[in-house]
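Engineer: For the sequence shown, the residue numbers in the working numbering are 668 to 772.
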Amino acid sequence: PTPCREKPWRGDQAAQAVRMTGLVALATNAVATEHDLPFGGYGLVGVCNDSTAIVEYAMESSTNVYPLTSSGSFAMMLLRRMLRLRCALVTHNNKNRNNQNNALE
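Below is the structure:
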């Protein structure tokens, strides 16, 4: 594997990566705030490399990012936060879809 992507993401794929990056940032900031982590959790949550690896893995099902620096407990906190965020987004989207269907009837 190469350390850098050979082809950049474009179009829909690039838009999806930007949305994923926003979700990772939201989850990271929430964990850092909840636990009053110094420097926004930069080293503990793995803001730099780890967040990049999360986005790359979500997009490609693999990552070449190294080293990953997050400690296990903070990595799990981040994962749990992202799962809760996903659940909230799915619920919100389903409600919007139901409201749109009801308006059409």
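For glycine and all other residues, C-beta sits at the position ideal for the given N, C-alpha and C.
#1: Would you be able to state if there are at least three C-beta pairs under 8 Å between the region 733-748 and the region 703-717?
#2: With 16 as the cutoff for other CB atoms within 10 Å, does G708 come out buried or exposed?
#3: Measure the alpha-carbon distance for G689 versus I721 and round it to whole angstroms.
#4: Mapping the DSSP letters down to three states, classify K674 as helix, strand or coil.
#5: Who are the near neighbours of T730 in its chain, counting only those whose CB is closer than 7 Å to its CB and skipping five residues on each side?
#6: Can the beta-carbon of A682 be found less than 8 Å from the beta-carbon of M749?
#7: Quick check on the DSSP output: the alpha helix (DSSP H) that includes L746 runs from which residue to which?
#8: Would DSSP call P705 helix, strand or coil?
Structural biologist: Short version:
#1: Flag = yes, the region 703-717 and the region 733-748 touch.
#2: buried
#3: 12 Å
#4: coil
#5: A720, E723 and Y724
#6: A682 places its beta carbon 8 Å or farther from that of M749.
#7: G739 to L771
#8: helix
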